[in-house]
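J.: First to last, the protein sequences are chains L, G and D. The numbering used here applies: residue 202 is where the first sequence begins, and numbers increase by one. The numbering used here applies: residue 190 is where the second sequence begins, and numbers increase by one. The numbering used here applies: residue 50 is where the third sequence begins, and numbers increase by one. Ideal placement from N, C-alpha and C gives every residue a C-beta, glycine not left out.
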Amino acid sequence: YRHSSQYRFWSFSKEHLREKRDMTNKLAVETIEKDLFDFKALNDLTPEELNALDTKAVPLTTEEELKLIDFYAKKVQVISQHLNLPTEIIATSISFFRKFFLENSVMQFDPKNLVHTTVFLACKAENYFISVDSFAKKAKSTRESILKYEFKLLESLKFTLLIHHPYKPLHGFFLDIQNILHGKVDLNYMGQIYDRTKKKITQALLTDAVYLYTPPQITLAVLLIEDEPLITKYLELKFADNDNDDNGNEVKRKKKNSIDLTVLLSVIKECKDVIE
Amino acid sequence: DIEPRRFTIEEELYDDPFLKDLQNKKEFIASGFRTDYVYERVLTEAFM
Amino acid sequence: EYTKEKKVGEGTYAVVYLGTKQSTGRQIAVKEIKTSEFKDGLDMSAIREVKYLQEMQHDNVIELIDIFMAYDNLNLVLEFLPTDLEVIIKDKSILFTPADIKSWMLMTLRGVHHCHRNFILHRDLKPNNLLVSPDGIIKVADFGLARAIPAPHENLTSNVVTRWYRAPELLFGARHYTSAIDIWSVGVIFAELMLRIPYLPGQNDVDQMEVTFRALGTPTDKDWPEVSSFNSYNKLQIYPPPSTFELRKRFIAASENALKFMSGMLTMNPVKRWSAIECLESEYFQEMPPPTNPSEIP
C-alpha cells in the first residue's frame, strides 16, 4: 500500500488537508481580487456599481467551497448510481471529483461542469468503457462539455487512476471473521452486516476519511458502526498479544503481531467519528 | 514479501454463497476461475 | 526538463522519441500520446499505461519517470531501453547460451510476478514487449492492454494478447480468465528463445488453435474439466499430447528441468498451469548453469 499512488500522493494529516484547501482557496481569491482590480481600473464605474461589486463579488471562504463541493459530490454519486454503474466505479467517480476540488477552487471551475467528466473518466479508468456519445446521451450532456476538462482532470489527479476502495477489504474481513470467529457468528447475520456496510462505505467516501485513513481502516470503522461488539471481539482474537490457553489463563502469544491492537482500535474509532 | 502475512486462507471455513455459485458454473470452471485467487486478492486488500 | 531529440517509433496511439532529462543528463524515452486520433477523449491504452505504471516500481518493470502535458499532448517519460528480446532472437549474429536464456526468464518472471502480486494482468506479453536496458536488465513494458484483475463476476474480453502468445482459454473465448494467461505467454517466449523461431505461429485465430493443439495436444475434459463446454470446442481436430521423447527431440538443448519448466507454463488447463511463484521456485532456476549476470549477456 505504501508503494501505491494513493498513499504517496493522496493521504494527508488533518492539518495538511486543511492547509491544502486554504491554499487552493487563497490562490483563487488572489486571482479574483486581481481581476476585480483590473476590471475597476479598466471601467469607470458608478458608485452604485462599485458598491454592488464590493458587496456581491465577494470570494468564497474555504468552508463555503467545501459545502459546494460536498453538494456536487453527492450529485456525482446520484448520477453514477442513476447510470447503473458498478459500486467501485461510483466510488472512483466520487474520488476523482473530490480530488479535483482539492487541487482546484470552485471559483476557477464550476463544479457543475466537472460532474460528468469525472464519471466518464472513472468509467474509462475502471475499464468500463462507454463511448462519449452514448455517455452524453445517457447523461443528457454533450461530448464537448464532457471532454472539455478531461485533460485538466487527469492532470489535477496527478495522473493517478488506480484507487483502492474499502469494498475488497470488506469482502476480505467477511471471510476472515468466519475464520477467526468460526462457529461463533451467524452467517445470515454476517450477510446482512455485509450489505449494510457496503452501502455505508459509499457514504463514507464522501467524507475526508478517504484522505486520513487507509481503505481497510475505513472498512473496519464502518463495520464498527454496524456492530461494535462483533468487530471488537474479532480484532481482539486476531491481534491481541495474549492467547488464552485451554484452562483460560493468559499466555504470551508466540508470534508477535505487526499490529498493535490498542493503536488499531483507537485509529478505527477516530475514523468512525470522522465518518459519522 | 518481507513480513509474514496477516492472514491465512481457510477455504473450507468460508461460506461465501456468491463465490460458491460462480465456481460451479461451467464457463467459470472452463475459464480457469479459481476461488483461492479471489480469496488471496480480497484478504490482501484487507490486510495491506 | 525533457528534450525530444530523435523519433524512434510510431504506434497507433503514440509517437516515441529519444531524449534527455536535462537536470541529470539521463537518457529517456518520451511517449507522446496522440490525442486527436481518439474521438472519445483520452485513449484507453494511454489511460492503462498511466494507471498501472504509476503503481509499480520494480527492477523488471519499465519505469515511468514523469508525466507532463505539452501543447495539449500527454507525454509519458519512460526509462530509455535500447532494444528488446525480439530483436535479439532475430539477430542470428548474436549467439546466446542456455545460461543467458535462464537469466532472461528469471528477470521476465520477476517482472510478471510483480504485476500479478499487484493483481494486474499484463495481457500482451511477447518478445518485443520485453525490453532490455543498457546493462542487460529485462523490463516488462507496454501496459496498453493491462487491466486489474476484475471482480469475480465481471466479464472479460478474450480478444487480448498477440495471437502467437495467446493462451488456449483465450482461444476458446473464455471470459473469466486469470493471471494464468500471462504465464502461458512466458512459456511460449521461453520456447521461442530456445528455438530462435516463433513456437506457435498461427496464421489466424482458427489456425492458432490448430497449431497450438498439434504441438501440445488437444485438451480434453479429463485434464481440463468443462473444456468441451466452449462452443468452439466441437469443431476441433483431436491431437495427442507430445511424448517426452518428442519434446526432447524438439528442444534438444533443454535439460529435463527446463522441459518441466516449459510444460508447467504451457499446461493446457489454466487451473493447473504454474503460477509465477511456482515458476520462480522451480528446479530449472536451481540447477546448473546459473543464470548469466545480465551485464555479461551479449
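L:Phe374 CB to nearest chain B CB: under 8 Å?
T.: Absent from the structure is chain B; the protein chains it does hold are L, G and D.
J.: Can you pull the DSSP bridge partners for D:Gln76?
T.: Paired residue(s): D:Thr69.
J.: Which of helix, strand or coil does DSSP assign to L:Ala422?
T.: The answer is helix: DSSP assigns L:Ala422 an H, G or I state.
J.: Of all Cβ atoms in chain L, is any one closer than 8 Å to the Cβ of D:Ile116?
T.: Taking Cβ atoms only, chain L reaches closer than 8 Å to D:Ile116, which makes this a yes.
J.: Please report the residue range of the beta strand (DSSP E) in which D:Val126 lies.
T.: Looking at the DSSP string, the run of the beta strand (DSSP E) that includes D:Val126 is Asn122 to Glu128.
J.: Here's the rule I'm using: 16 or more other beta-carbon atoms within 10 Å means buried, otherwise exposed. How should D:Val276 be labelled?
T.: Buried, because 16 or more other Cβ atoms sit within 10 Å of the Cβ of D:Val276.
J.: Over the uninterrupted alpha helix (DSSP H) stretch that includes D:Phe221, give me the two end residues.
T.: From DSSP, D:Phe221 is part of no alpha helix (DSSP H); its letter is neither H nor E.
J.: Give me the chain L residues within the contact set of G:Asp225, using Cβ-Cβ distance strictly less than 8 Å, ordered along the chain.
T.: Going along chain L, no residue has its Cβ under 8 Å from G:Asp225, so there is no contact; the nearest lies around 11 Å.
J.: Let me know if L:Asp377 comes out buried or exposed under the rule of 16 or more other beta-carbons within 10 Å of its beta-carbon.
T.: Result: buried.
J.: Per DSSP, what kind of secondary structure is L:Val386 in: helix, strand or coil?
T.: In the structure shown, L:Val386 sits in coil (DSSP, three-state: anything other than H, G, I, E or B).
J.: Look up D:Ala82 in the DSSP assignment and give the residues it is bridged to.
T.: Ala is not the amino acid found at residue 82 of chain D; the sequence shown has Ile there. DSSP, once it has assigned bridges, lists D:Ala63 and D:Leu123 as partnering D:Ile82.
J.: Is any heavy atom in the ligand PLP found nearer than 7 Å to the beta carbon of D:Ser234?
T.: Although the ligand PLP was asked about, the structure shown includes no ligands whatsoever.
J.: Taking the beta carbon of D:Thr293 as the centre, do at least 16 other beta carbons fall within 10 Å, making it buried, or is it exposed?
T.: Classification for D:Thr293: exposed.
J.: Can you find a CB in chain G that lies within less than 8 Å of the CB of L:Pro287?
T.: Judged by the 8 Å Cβ criterion, L:Pro287 is not in contact with chain G.
J.: Exposed or buried, D:Met337, counting other C-beta atoms within 10 Å across all chains shown (16 or more means buried)?
T.: The residue in question, D:Met337, is exposed, as its Cβ has fewer than 16 Cβ neighbours within 10 Å.
J.: Run down chain D in chain order and give the residues with a C-beta less than 7 Å from the C-beta of G:Ile218.
T.: Within 7 Å Cβ-Cβ: Pro274 and Glu275.
J.: With 8 Å as the threshold, decide whether the Cβ of L:Leu388 is near any Cβ in chain G.
T.: With 8 Å as the cut-off, L:Leu388 counts as an interface residue toward chain G.
J.: So the alpha helix (DSSP H) L:Lys434 belongs to, where does it begin and stop?
T.: Its alpha helix (DSSP H) spans residues Glu429 to Phe440.
J.: Buried or exposed for D:His162, please, with buried defined as at least 16 other CB atoms from any protein chain shown within 10 angstroms of its CB.
T.: Buried: at least 16 other Cβ atoms inside 10 Å.
J.: Is it buried or exposed for D:Thr227, if we count other Cβ within 10 angstroms and need 16 for buried?
T.: D:Thr227 is buried by the Cβ-count criterion.
J.: Would you call D:Asp149 buried or exposed, if buried means 16 or more other Cβ atoms sit within 10 Å of its Cβ?
T.: With 16 or more Cβ atoms within 10 Å of its Cβ, D:Asp149 is classed as buried.
J.: Would you kindly work out how many angstroms separate the C-alpha atoms of D:Asp133 and D:Pro199, rounded to a whole number?
T.: In a straight line, the C-alpha of D:Asp133 is about 30 Å away from that of D:Pro199.
J.: Do L:Tyr350 and L:Asn380 have their beta-carbon atoms positioned less than 8 Å apart in this structure?
T.: No; because the gap between Cβ atoms is not below 8 Å, this pair is not in contact.
J.: Looking only at its own chain, which residues have a Cβ that is under 7 Å from the Cβ of D:Phe239, when we skip the five neighbours before and after it?
T.: Same-chain partners within the cutoff: Met154, Met311 and Met314.
J.: Comparing alpha-carbon positions, which option in D:Arg215, D:Pro340 and D:Gln103 lies nearest D:Ile169?
T.: Checked all of D:Arg215, D:Pro340 and D:Gln103; the closest Cα to D:Ile169 is D:Gln103.
J.: Return helix, strand or coil for G:Lys214, following the three-state DSSP convention.
T.: Here G:Lys214 sits in coil by DSSP.
J.: What distance in whole Å lies between the Cβ atoms of L:His317 and L:Ala340, which are believed to be in contact at a cut-off of 8 Å?
T.: At roughly 5 Å, the Cβ-Cβ gap stays under 8 Å, so L:Ala340 and L:His317 are in contact.
J.: Taking only beta carbons into account, state which residues of the stretch 355 to 382 of chain L come closer than 7 Å to chain G, listed in chain order.
T.: Residues passing the 7 Å Cβ filter: His365, Lys369, Pro370, His372, Gly373, Phe374, Leu376, Asp377, Gln379 and Asn380.
J.: Along chain G, which residues have their Cβ under 8 Å away from the Cβ of L:Tyr202?
T.: Within 8 Å Cβ-Cβ: Met237.
J.: May I have the straight-line CA-CA distance separating D:Val79 from D:Leu179, to the nearest angstrom?
T.: The straight-line gap from Cα to Cα measures roughly 18 Å.
J.: Going along chain D in order, which residues have a C-beta closer than 7 Å to the C-beta of L:Asn328?
T.: Under the 7 Å cutoff, chain D gives Arg196.
J.: Just how far apart, CA to CA, sit L:Leu246 and L:Glu265?
T.: Their backbone Cα atoms lie some 29 Å apart in a straight line.
J.: Any residues in the stretch 332 to 346 of chain L with a beta carbon nearer than 7 Å to a beta carbon of chain D? Which ones, in chain order?
T.: Against chain D - using a Cβ distance shorter than 7 Å - the residues of the stretch 332 to 346 of chain L are Ser332 and Val333.
J.: Which chain L residues are close to G:Pro202, counting only those with a beta carbon under 9 Å from its beta carbon?
T.: Checking the sequence, you will find Leu at residue 202 of chain G rather than Pro. In chain order: Leu376, Gln379, Asn380 and His383.
J.: G:Phe196 touches chain L at which residues, Cβ-Cβ below 7 Å?
T.: In chain order: Asp377.
J.: Assign D:Gly68 to one of two classes, buried (16 or more other C-beta atoms within 10 Å of its C-beta) or exposed (fewer than that).
T.: So D:Gly68 ends up on the buried side.
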